[in-house]
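Novice: Just passing along the structure, written as structure tokens.
There are 2 protein chains.
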Amino acid sequence: MDSTEELLGKTLAEKPTITEPQVGDLKSSSSSVFRKKVVNTLTSAKNLFYMPSFKIYDSGVSGLYDYGPPGCALKSNVLALWRQHFILEENMLEVDCPCITPEVVLQASGHVDKFTDLMVKDEITGACHRADHLLKDFCNEKLNKELNLLSTEKIKEYGIVAPVTKNPLSDPYPFNLMFQTSIGPSGAVRGYMRPETAQGIFVNFKDLYYYNGNKLPFAAAQIGQAFRNEISPRQGLLRVQDKSHPRYSEVEDLEFLMFPREEQGPGKDAVILRLGDAVTNGTVLNETLAYFIGRVYLFLTRLGISKERLRFRQHLGNEMAHYAADCWDAEIECSYGWTECVGIADRSAYDLRAHSEKSGIPLVAHEKFSAPREVEKLVIIPVKEELGLAFKGDQKKIVEALEAMDEKEAMEVKAALELQGEVEFRVCTLGKAEIKKEYQRVFTPSVIEPSFCIGRIIYCVFEHSFYTRPEDEKLNVFRFPPVIAPIKCTVFPHVQNKDYEAVAKKISKSLTAAGVSNKLDTTGTTIGKRYARTDELGVPFAITADDDTTTVTIRERDSRDQIRVEINKVVRLVQDLTNGVRTWADIQSEYPRIPFKKINDLP
Amino acid sequence: MDSTEELLGKTLAEKPTITEPQVGDLKSSSSSVFRKKVVNTLTSAKNLFYMPSFKIYDSGVSGLYDYGPPGCALKSNVLALWRQHFILEENMLEVDCPCITPEVVLQASGHVDKFTDLMVKDEITGACHRADHLLKDFCNEKLNKELNLLSTEKIKEYGIVAPVTKNPLSDPYPFNLMFQTSIGPSGAVRGYMRPETAQGIFVNFKDLYYYNGNKLPFAAAQIGQAFRNEISPRQGLLRVQDKSHPRYSEVEDLEFLMFPREEQGPGKDAVILRLGDAVTNGTVLNETLAYFIGRVYLFLTRLGISKERLRFRQHLGNEMAHYAADCWDAEIECSYGWTECVGIADRSAYDLRAHSEKSGIPLVAHEKFSAPREVEKLVIIPVKEELGLAFKGDQKKIVEALEAMDEKEAMEVKAALELQGEVEFRVCTLGKAEIKKEYQRVFTPSVIEPSFCIGRIIYCVFEHSFYTRPEDEKLNVFRFPPVIAPIKCTVFPHVQNKDYEAVAKKISKSLTAAGVSNKLDTTGTTIGKRYARTDELGVPFAITADDDTTTVTIRERDSRDQIRVEINKVVRLVQDLTNGVRTWADIQSEYPRIPFKKINDLP
């Protein structure tokens, strides 16, 4: 699952797809002020959640970002929670495949031919632009029309020119979004950086099916980087199965914002629906799709994404990827507008069929019937006399071909011949239906694939978690849920004092040994300033050692309330609070809180 | 850190560098029998620790492997332990940078020019071979000579031909080991898949230094995939600092196998040294290098690598990478021989200097002196009269150049001129030393870089963890330490029974909620067979529910001893046992064990 973060950058630098009408000037200006404040806090060298990649060089590559220390820790925690929420709780089969993929695999999947964007070139400078982006901008500015009414051929018709240079543009041409490379020293084997993590699962279907005891449905997952030369990569995870779901009842009562295809139009908005109702009335096509929509909703809200700013939008017919039969995106509202963060696609049997055909290895499942089933089959009986007269020496071949035809095929041949007026004599009759016994069904399973762009999700978590203290707008806070907070706890002496420091150091060391990331702060700055510093890093808890030799205080970040805890219990308590075993609310009865108002922890 | 596993395959498929004389036939044959047994167990579809990538295709790419479900879990646990052992316990600054790297970065680092292997081509078929491998094989077979006496030019001289085809070979030519690609649709920006994770840290030096409060030393780390077109990628992690180490005392008493450069020769072997002694006598050059050798030793043995089959070998002069000043490899003995798994390189200031020069951004540290230091500087005083006569109009330039020279430079010019017999007149005198005040020292810090090939380490963990029960060689066991075991616990009813099953299901659900990976087994097979199945997956604990309604048994994998634990305590106990808080030995007093001999859990 490393790293979708490859292109966290792209998320930030490129305008993500915005599916709503452009926001008005006023709103967009306040959005951009908010964004600037959050981004400044995140990228400032004292916080270093992330920073532009290769920035000491003018490398010709912009829009890539690195995660710095707290960003790495947050990402690692988000991925651990993802593993817990999906792999462990869903009993998924995880795989981990190479990023570099031989061409044949991506030919079968359709990526070599179809994974393209239409580009146009500035005919003077050679700079490239996405045809659909130029059209969209043109529509928004000049025509106020829906993009999907226009095809990219309209670029010439409307006289659209290159942005900035205003030079003429070439005709649109497809540009493949994969990074191409070659494998091995001979240069003969062409390969690509994988454009999605799903293919690695598909090509392992047979082994995974066997590992699962030849039983369907099963879920498989892969966490890892995908590489796209233009757009954001995603996390891949999928489920191979029929379309009912055994745990569907756990999610059907969830209610949240949904935005079905037919409801999308000018001035329309997402509405709150009960997931079970959306399945009943056919808005969501099947239980498995609904189950994963529900699980994704639960995952994102566990990360701290606001329920009011999260919706599930169904793709319009012309939006879907080449492999998708249906697709719902989890979109999160941030300062860029509603941003696609998770795609939940019904890929039907597209990929497994494609790999079966290309590799010649059947990727199918067998459903054994509990008892053999009797199946009626119509039988084709060639009229040998007529055929003998007509075909002479070839009669035998013709008879075999006719006998091998199934009913549907035979009817098609008949219809085709009749259309051409070529049916001059009766070559065969359809005999009486014959009863055959079948013991199993062989079929290519369907796939529901939720895929996560962890980079975008993390960026939205940053925005949704950010606030400033009401009494001072310079006091920035990230209200990360403890389970994903990069640093779980700061530890400090109340004032500079050798004994307090000794206690603080001992606690810090025990926290580290217990795997709880923490920061010891023995600087002499005021406790208020130290709290402010940890708030800006989103640290949920702060332990302070003072003149009480048996207890310390724990301060919670958002309420700023404190409790007193015995020193020998503090590590276990913070561990429980940060790995989700207990919440701050849970422990109120055991540890009476000292509300914030009564003490003064401001600078 | 995803994935060094990219090329776990290479580790297995290619013969890793073997630094010892070839093992004899007998030993090598028993090695290969052992390897076959381990590998069969690992790759069998019922276990699926790993499998060949893209195997449904004849893709032209061999030697790549995917991790299957238990392999993924193990890798994820190894990386979590790595994070705990290095990032958390060493307070390292973690970063996470893109895999695709613009060319300019890798020009500065030297990879574009120097990161090559010498190849030769089969002149008929075009197949490529590594020149050093062919020579090595030739030496081993024909000459019984040391490779390092030979250069690759000897290929022609010795008449070496292509293996298998026996065709003539081309002259050796350098082949760059990086995967090249291009970034963006114009194709104008050349990039490479990063060949190591270290460069991402170097180019972020300035920000990381600031984030660390402008203090040295600090350690930075990156976990991630590196891509090499021929050899195994590694995990990167490094430490930027001066060469003493504050925590050196924690490792100096460790004793283990070391193999210094000057001890390596025919018939010589590694010897057990105390790390502190190796530093004192100059075998290991500095404390920081020694500190990381010690930490790597502790990490590998925590994973279950046997102390007797782990050694630290110093690189010979002709083995080192282009950036290395010194290098020690952690080598693990497995069925392939002694295999390099961790490299601990002293990169001195090579990379930071290279990036400073290429980018024009100084990547330096400032050491402020507690009090200004007075420094004596010799002053060069040009003899203007003489120069005026000799150089006329150019006199001014010459005077300036002379004044700008420092003492060393001036002396060199003087020596050079004298050598050529060109000193005909005195152009300057060295004036009296002048006293200047200096307030800080500006310098390019040195870097010690331990880098881990997680794929190879995991493979060695597999081999070192594997054994068969003495009473039946079909009973395979992996004795993974609980902290890295892919599945921590199986849960089953003692026999098929509704009540037992209900208890087992409830415990399994609680374990999942607590983040403990577990497997519920309600099949009707004998308990002995179920134990055998979990042993083969390396599951350290098995919980069995029986007719006691308040307690269950926990069975430990290696001793096969059991304890009885109250149902409401079992989840916390297994959690503690598997995350390293308590060991099986620790809990003997609290929970008296029922030794294996007294009960019969065999099939």
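As you go down the protein sequences, you meet chains A and B in turn.
For the first sequence, the residue numbers in my numbering are 1 to 603.
For the second sequence, the residue numbers in my numbering are 1 to 603.
Beta carbons are placed, not taken as given, at the ideal position from N, Cα and C, and that holds for glycine.
Since this is a predicted model, take the numbers as computed values, not measurements.
1. Taking the alpha-carbon of Met320(B) as reference, which of Tyr336(B), Asp346(B), Thr468(B) and Ala504(B) has the nearest alpha-carbon?
2. Which residues in chain B have a C-beta closer than 7 Å to the C-beta of Ala45(A)? List them in chain order.
3. Using CA coordinates, which residue listed in Arg353(A), Lys368(A) and Phe227(A) is at the minimum distance from Ile361(A)?
4. Could you check if Phe369(A) is buried or exposed, using at least 16 other CB atoms within 10 Å of its CB as the buried criterion?
5. Do we get a CB-CB distance below 8 Å when we pair Thr181(B) with the residues of chain A?
6. What does a CB cutoff of less than 6 Å around Thr181(A) pick up in its chain, not counting 5 residues either side in sequence?
7. Here's a check: name, in chain order, each residue in its chain whose Cβ is nearer than 6 Å to the Cβ of Phe425(B), leaving out the five neighbours to either side.
8. Against Glu449(B), what residues of chain A qualify as contacts under a CB-to-CB distance less than 7 Å, listed in chain order?
9. May I ask you to verify whether the segment 57 to 75 of chain B touches the segment 36 to 56 of chain A, counting CB pairs closer than 8 Å and requiring at least 3?
10. Would you mind sorting Ser510(A) into buried or exposed? The rule is 16 or more other CB atoms within 10 Å of its CB.
11. Could you list which residues in chain B have their beta carbon closer than 7 Å to that of Ser510(A), in chain order?
12. Can you tell me where the beta strand (DSSP E) with Ser451(A) in it begins and where it stops?
13. How big is the Cα-Cα spacing for Lys358(B) and Pro493(A)?
14. Give the single residue among Lys569(A), Val516(A) and Pro482(A) whose Cα lies nearest to the Cα of Gly304(A).
15. On the DSSP letters alone, give me the boundaries of the beta strand (DSSP E) that His129(A) sits inside.
16. Looking only at its chain, what residues have a beta carbon closer than 6 Å to the beta carbon of Val112(A), apart from the 5 residues adjacent to it on each side?
17. In this structure, does DSSP put Ser589(A) in helix, strand or coil?
18. Closer than 8 Å, CB to CB, is Glu94(B) near chain A or not?
19. Buried or exposed for Arg311(B), going by 16 or more other Cβ atoms inside 10 Å?
20. Roughly how many angstroms separate the alpha carbons of Val550(B) and Arg247(A), rounded to a whole number?
21. Helix, strand or coil: which one does DSSP assign to Arg557(B)?
22. Is the segment 332 to 352 of chain B touching the segment 87 to 102 of chain B in the sense that three or more CB pairs, one from each, lie closer than 8 Å?
23. What runs of the beta strand (DSSP E), each 3 residues or longer, lie entirely inside the segment 73 to 139 of chain A?
24. With a threshold of 16 other CB atoms inside 10 Å of the CB of Glu333(A), please say whether the residue is buried or exposed.
25. As a quick exercise: from Leu79(A), Lys156(A) and Ala365(A), pick the residue whose alpha carbon is nearest that of Val442(A).
26. Under a Cβ-count criterion, where at least 16 other Cβ atoms within 10 Å of its own Cβ denotes burial, should Leu316(A) be classed as buried or exposed?
27. List the residues of chain B that Asp586(A) touches, going by C-beta distances under 9 Å, in chain order.
28. What distance in whole Å lies between the Cβ atoms of Leu118(B) and Ala131(B), which are believed to be in contact at a cut-off of 8 Å?
29. Closer than 8 Å, CB to CB, is Glu590(A) near chain B or not?
30. Could you round the C-beta distance between Val203(B) and Pro102(B) to whole angstroms and report it? I think they count as a contact, below 8 Å.
31. For Thr553(B), is the classification buried or exposed, using 16 other Cβ atoms within 10 angstroms of its Cβ as the cut-off for buried?
32. Could you tell me which residues DSSP puts in a beta bridge with Ile332(A)?
33. Using the Cα positions of Ser465(B) and Pro540(B), report the straight-line distance between them to the nearest angstrom.
34. Glu536(A) to Gln84(B), Cα distance in whole Å?
35. Within 10 Å of its beta-carbon, does Glu449(B) have 16 or more other beta-carbons around it, so buried, or fewer, so exposed?
36. Quick check: the segment 573 to 591 of chain B against the segment 512 to 523 of chain B, are at least 3 beta-carbon pairs closer than 8 Å?
Specialist: The relevant details are as follows:
1. For Met320(B), the nearest C-alpha among the options comes from Asp346(B).
2. Ordered by position in chain B, the residues that pass the 7 Å Cβ test against Ala45(A) are Asp207, Tyr210 and Tyr211.
3. Looking at the Cα atoms, Arg353(A) is the closest of the given residues.
4. Exposed, by the Cβ-count rule.
5. For Thr181(B), the answer is yes, since a Cβ of chain A falls inside 8 Å of its Cβ.
6. The answer, listed in chain order, is Gly191.
7. With a pLDDT of only 49 at Phe425(B), under the threshold of 50, the placement of this residue in the model should not be trusted; the figure read from the coordinates follows. Only residues of its own chain outside the window of five on either side were considered, and among them Glu386 have a CB closer than 6 Å to the CB of Phe425(B), listed in chain order.
8. For Glu449(B), none of the residues of chain A pass the 7 Å Cβ criterion, the least Cβ distance being about 18 Å.
9. No, the segment 57 to 75 of chain B does not touch the segment 36 to 56 of chain A.
10. With 16 or more Cβ atoms within 10 Å of its Cβ, Ser510(A) is classed as buried.
11. Within chain B, no residue has its beta carbon less than 7 Å from that of Ser510(A); the closest one is some 11 Å off.
12. Ser451(A) -> beta strand (DSSP E) spans Ser446 to Phe452.
13. Here the alpha carbon of Lys358(B) sits roughly 45 Å from the alpha carbon of Pro493(A).
14. By alpha-carbon distance to Gly304(A), the top candidate from Lys569(A), Val516(A) and Pro482(A) is Pro482(A).
15. Segment Cys128 to Arg130, the beta strand (DSSP E) holding His129(A).
16. Cβ-Cβ distances below 6 Å link Val112(A) to Leu106 in the same chain, with the five nearest sequence neighbours on each side left out; the list follows chain order.
17. Residue state, collapsed to three classes: coil.
18. Judged by the 8 Å Cβ criterion, Glu94(B) is in contact with chain A.
19. Burial check for Arg311(B): the Cβ neighbour count within 10 Å reaches 16 or more, so the residue is buried.
20. According to the sequence provided, residue 550(B) is Thr. The question's Val does not apply to it. So the two alpha carbons sit approximately 29 Å from each other.
21. In the structure shown, Arg557(B) sits in coil (DSSP, three-state: anything other than H, G, I, E or B).
22. The answer is no - the segment 332 to 352 of chain B does not touch the segment 87 to 102 of chain B, with fewer than three Cβ pairs under 8 Å.
23. Annotation note: the segment 73 to 139 of chain A contains the following uninterrupted beta strand (DSSP E) runs of length 3 or greater, listed N- to C-terminal: 100 to 102, 116 to 121 and 128 to 130.
24. Flag for Glu333(A) reads buried.
25. Selected option, being the one with the closest Cα: Ala365(A).
26. Label assigned to Leu316(A): exposed.
27. Here the premise fails: no neighbours, minimum Cβ distance about 15 Å.
28. In this structure Ala131(B) is in contact with Leu118(B), their Cβ atoms being roughly 4 Å apart against a cut-off of 8 Å.
29. At a cut-off of 8 Å between C-beta atoms, Glu590(A) does not count as an interface residue with respect to chain B.
30. No, Val203(B) and Pro102(B) are not in contact; Cβ-Cβ is about 10 Å, not under 8 Å.
31. Buried is the call here.
32. Paired residue(s): Leu310(A) and Thr339(A).
33. Whole-angstrom Cα-Cα distance: 12 Å.
34. The alpha-carbon atoms of Glu536(A) and Gln84(B) are separated by roughly 24 Å.
35. So Glu449(B) counts as buried.
36. Between the segment 512 to 523 of chain B and the segment 573 to 591 of chain B there are three or more inter-stretch CB-CB distances shorter than 8 Å, so the stretches are counted as touching.
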